[in-house]
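One structure is given here, and the rest of the page talks about it.
Numbering (our numbering), first residue to last: 50 to 633.
So, in structure tokens, the structure goes:
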């Protein structure tokens, strides 16, 4: 990847904000996280991280992270049981799985065990600026010595590539319609035929098995339902072969932090044995990852990242259980997602825009630790008198899209897409219709709320509007950027003039996009601005931020539990934010 291409990726990461040329920002308000000291990592990390649009600063940041990564302990490799599963993601052919991450600037990097270092990794794209909702280490699907990699797009396309040392091949297969699932898991072989399988969970908690065929041109057979009630888990981890018997195994974590082990059963109709509880308290981690066998004993291990970006190693000791954790490395708050992780990243936002008094726009990218990367990036100017939104996941670039309504003209990413947009309010919470493509909702001057289905194109256009309901002018705030209720569907947050907060759960149906409202709080009129940055703490649940009249900002982390427990207690994480007259 050339420096020029990296720079172009970072520029386009603004999501199409107009006039991305360099410009002046006022002194940024405080958002710095408290520095943390990691075991064995030396001095505390600085609170402020270089801005991601600086090629040299970004390179230094990534290289620093690479130096801090601690490879698996160099214990003597035990003799593997003859039936132990092969590594799923061995890019360099040394018999060990390699790690892969996607960072918040959408660059992908791989940690190659043979050279014990990070390197940038190219995934084949027809549009080099597009991104992914997830990447899955599916293993050797074709029965050769080359592993394959699956990408999941924002609109539900699953694509298979051969994975080389530095890059993937062109697509070998792709299939659409996978947006009907809120979790797709690469398990290894759970059916017992030595072919790589997939599990997928639908929004009702149903679990479906796609057995492998042994062919890269048609890698999976038709689905078979193999379970129900799987919606209780906020993370599902394909751990590969935990006990060395050659079969893939699965972990599920509940919102309360209980970790359950499902041993592979070697059956195409009942692929997993009954669950066994193996741990509790795992809700201290925002991501649990199945990296395969890290220490060479023939059993797959786990990695777990906490909300400070620290990663811990859990050595498998059989029966789905682990030895006491050991420190692995720090700096993982930079990662949008980790390949093989137990949760699918919410797509399309993870950013905030603020408008200064001179109409300059400042863009903040979130980290996976509850804070913003600072300083902010200059992102152009807001047109005087425009009505604006920062919409979630409208297109394959997988970023927020700057939406401007000037008079009756609607502009998406600087392109005029409508001349009849006469709405006082526009909001973009994500895909409300269930087709995997981001939508907009509007409220007209009479208080009627409308859904506008998006087409998923770069300069998004919208289909015939659908009436949602009337009487919506009782709310002074409508915001949303992802899932607050725990079902992985985008939701809407509304505040009335009395300060009561309501949750409208998304249904995934265009005709009736929201369920009946649920009151989730009161007293929220203490804030003059409420805004939705998406996921701020790396757990794939959408969070909410409020600014009070003194300029202090508070983060409300989503718990995934609808009702009065929708948000955890607020955390103050910045001041001076009355610099901005608007926040998106």
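Each residue gets a CB set at the ideal place from its N, CA and C atoms; glycine is no exception. Model, not experiment: these values are computed from the prediction.
| field | Spatial distance of residue 435 from residue 455 (CA atoms) | value | For the purposes of this step, residue 435 is taken as the residue at position 386 of the chain shown. For the purposes of this step, residue 455 is taken as the residue at position 406 of the chain shown. Each residue's Cα considered, the two are about 5 angstroms apart.
| message | To the nearest angstrom, how far is the alpha carbon of residue 379 from that of residue 78? | response | As a position in the chain shown, residue 379 is number 330, starting the count at 1. As a position in the chain shown, residue 78 is number 29, starting the count at 1. Those two C-alpha atoms are separated by around 26 angstroms.
| field | Selected residue, minimal CA-CA separation from residue 210, among 265, 586 and 487 | value | For the purposes of this step, residue 210 is identified with residue 161 of the chain shown, where counting begins at 1. Among 265, 586 and 487, the Cα nearest to that of residue 210 belongs to 265.
| field | Length of the line joining the Cα atoms of residue 514 and residue 355 | value | To locate residue 514, count along the chain shown from 1; it is residue 465. To locate residue 355, count along the chain shown from 1; it is residue 306. Going from the Cα of residue 514 to the Cα of residue 355 covers about 42 angstroms.
| field | Span separating the alpha-carbon of residue 87 from that of residue 372 | value | On the chain shown, position 38 is the one that residue 87 refers to. On the chain shown, position 323 is the one that residue 372 refers to. Interpretation of residue 87 is limited by its pLDDT of 27, a score under 50 that renders its predicted location unreliable; the figure taken from the coordinates is listed afterwards. Straight-line Cα distance between these residues: approximately 20 angstroms.
| Can you tell me whether residue 594 is buried or exposed, with buried defined as 16 or more other CB within 10 angstroms of its CB? | Here residue 594 is taken as the residue at index 545 of the chain shown, counted from 1. Classification of residue 594: buried, given that the 10 Å Cβ count is 16 or more.
| request: State the Cα-Cα distance for the pair residue 319 and residue 571, rounded to the nearest angstrom. | output: The count along the chain shown starts at 1 and reaches residue 319 at position 270. The count along the chain shown starts at 1 and reaches residue 571 at position 522. Going from the Cα of residue 319 to the Cα of residue 571 covers about 47 angstroms.
| message | If contacts are defined as beta-carbon pairs under 8 angstroms, then residue 475 and residue 531 qualify, I think. What distance do you get, rounded to the angstrom? | response | As a working mapping, residue 475 is identified with position 426 in the chain shown. As a working mapping, residue 531 is identified with position 482 in the chain shown. Contact flag wrong, Cβ pair sits at about 17 angstroms.
| task | Would you please state the rounded distance, in angstroms, between the beta carbons of residue 509 and residue 450? I believe it to be under 8 angstroms. | result | By one-based count along the chain shown, residue 509 stands at place 460. By one-based count along the chain shown, residue 450 stands at place 401. That belief holds up - the Cβ atoms of residue 509 and residue 450 are roughly 7 angstroms apart, short of 8 angstroms.
| query | For residue 18, does the three-state DSSP call read helix, strand or coil? | reply | Residue 18 lies beyond the stretch modelled for the chain, which goes from 50 to 633, so this question has no answer here.
| field | Span of the beta strand (DSSP E) around residue 490 | value | Indexing the chain shown from 1 puts residue 490 at position 441. Per DSSP, the unbroken beta strand (DSSP E) holding residue 490 starts and ends at 488–492.
| query | Buried or exposed: residue 598, going by 16 or more other Cβ atoms within 10 Å of its Cβ? | reply | As a working mapping, residue 598 is identified with position 549 in the chain shown. Classification of residue 598: exposed, given that the 10 Å Cβ count is below 16.
| query | For residue 300, which beta-bridge partners are listed by DSSP? | reply | Along the chain shown, one-based indexing puts residue 300 at 251. Under DSSP, residue 300 shares a beta bridge with 286 and 310.
| query | Can residue 188 and residue 235 be called in contact, C-beta distance under 8 angstroms? | reply | On the chain shown, position 139 is the one that residue 188 refers to. On the chain shown, position 186 is the one that residue 235 refers to. Yes, the Cβ-Cβ distance between residue 188 and residue 235 is below 8 angstroms.
| message | Here's the rule: buried if 16 or more other CB atoms are within 10 angstroms of the residue's CB, otherwise exposed. What is residue 444? | response | Taking the chain shown and counting its residues from 1, one reaches residue 444 at position 395. Its Cβ being crowded by 16 or more others within 10 Å, residue 444 is buried.
| Whole-Å CB distance - residue 511 paired with residue 527, under 8 angstroms assumed | Locating residue 511 in the chain shown gives position 462, counting from the first residue. Locating residue 527 in the chain shown gives position 478, counting from the first residue. Between residue 527 and residue 511 the Cβ distance is about 18 angstroms, and since that is not below 8 angstroms, they are no contact.
| request: Take residue 245 as the anchor and find which of 386, 267 and 627 has the nearest alpha-carbon. | output: Within the chain shown, numbered from 1, the residue matching residue 245 stands at position 196. Residue 267 is the option with its Cα nearest to residue 245.
| query | Which whole-angstrom value is the C-beta distance of residue 286 and residue 419, which I expect to be below 8 angstroms? | reply | As a first step, residue 286 must be located in the chain shown, where it is residue number 237. As a first step, residue 419 must be located in the chain shown, where it is residue number 370. Contact flag wrong, Cβ pair sits at about 23 angstroms.
| message | For residue 618, which residues in the same chain have their Cβ closer than 7 angstroms to its Cβ, ignoring the five residues on either side in sequence? | response | The residue labelled residue 618 in the question sits at position 569 within the chain shown. Taken in chain order, the list of residues that qualify is empty.
| field | residue 269 to residue 227 span [Cα, whole Å] | value | Looking up residue 269 in the chain shown gives position 220. Looking up residue 227 in the chain shown gives position 178. Computed Cα separation, rounded: 13 angstroms.
| field | As assigned by DSSP and simplified to three states, the class of residue 172 | value | Indexing the chain shown from 1 puts residue 172 at position 123. In the displayed model, residue 172 falls within coil according to three-state DSSP, outside both helix and strand.
| query | Any chance the stretch 572–587 sits against the stretch 543–561, with 3 or more Cβ pairs inside 8 angstroms? | reply | The answer is yes - the stretch 543–561 touches the stretch 572–587, with three or more Cβ pairs under 8 angstroms.
| Distance between residue 311 and residue 240 (C-alpha atoms, nearest Å) | As a position in the chain shown, residue 240 is number 191, starting the count at 1. As a position in the chain shown, residue 311 is number 262, starting the count at 1. In a straight line, the C-alpha of residue 240 is about 13 angstroms away from that of residue 311.
| Buried or exposed by the 16-neighbour rule on C-beta atoms within 10 Å, applied to residue 491 | The residue labelled residue 491 in the question sits at position 442 within the chain shown. Buried, by the Cβ-count rule.
| For residue 155, the three-state DSSP class (helix, strand or coil) | By one-based count along the chain shown, residue 155 stands at place 106. DSSP places residue 155 in the coil class of the three-state scheme, outside both helix and strand.
| said: Among the candidates 577, 529, 144 and 568, whose CA atom is the shortest distance from the CA of residue 555? | reply: Counted from its first residue, the chain shown places residue 555 at position 506. Nearest neighbour of residue 555 by Cα position, chosen from 577, 529, 144 and 568, turns out to be 529.
| task | Identify whether residue 128 lies in helix, strand or coil by the three-state DSSP scheme. | result | Along the chain shown, one-based indexing puts residue 128 at 79. Caution applies to residue 128, whose pLDDT of 37 falls short of 50 and renders its modelled position unreliable; the value that the coordinates give is listed next. When DSSP states are grouped into helix, strand and coil, residue 128 belongs to the coil group.
| task | Would you kindly work out how many angstroms separate the C-alpha atoms of residue 387 and residue 256, rounded to a whole number? | result | Looking up residue 387 in the chain shown gives position 338. Looking up residue 256 in the chain shown gives position 207. For residue 387 and residue 256, the gap between their C-alpha atoms comes out near 23 angstroms.
| What residue ranges within the stretch 351–401 form continuous beta strand (DSSP E) runs of no fewer than 3 residues, ordered along the chain? | Unbroken beta strand (DSSP E) runs of no fewer than 3 residues, entirely contained in the stretch 351–401, are found at 360–363, 365–367, 375–378 and 384–387, following chain order.
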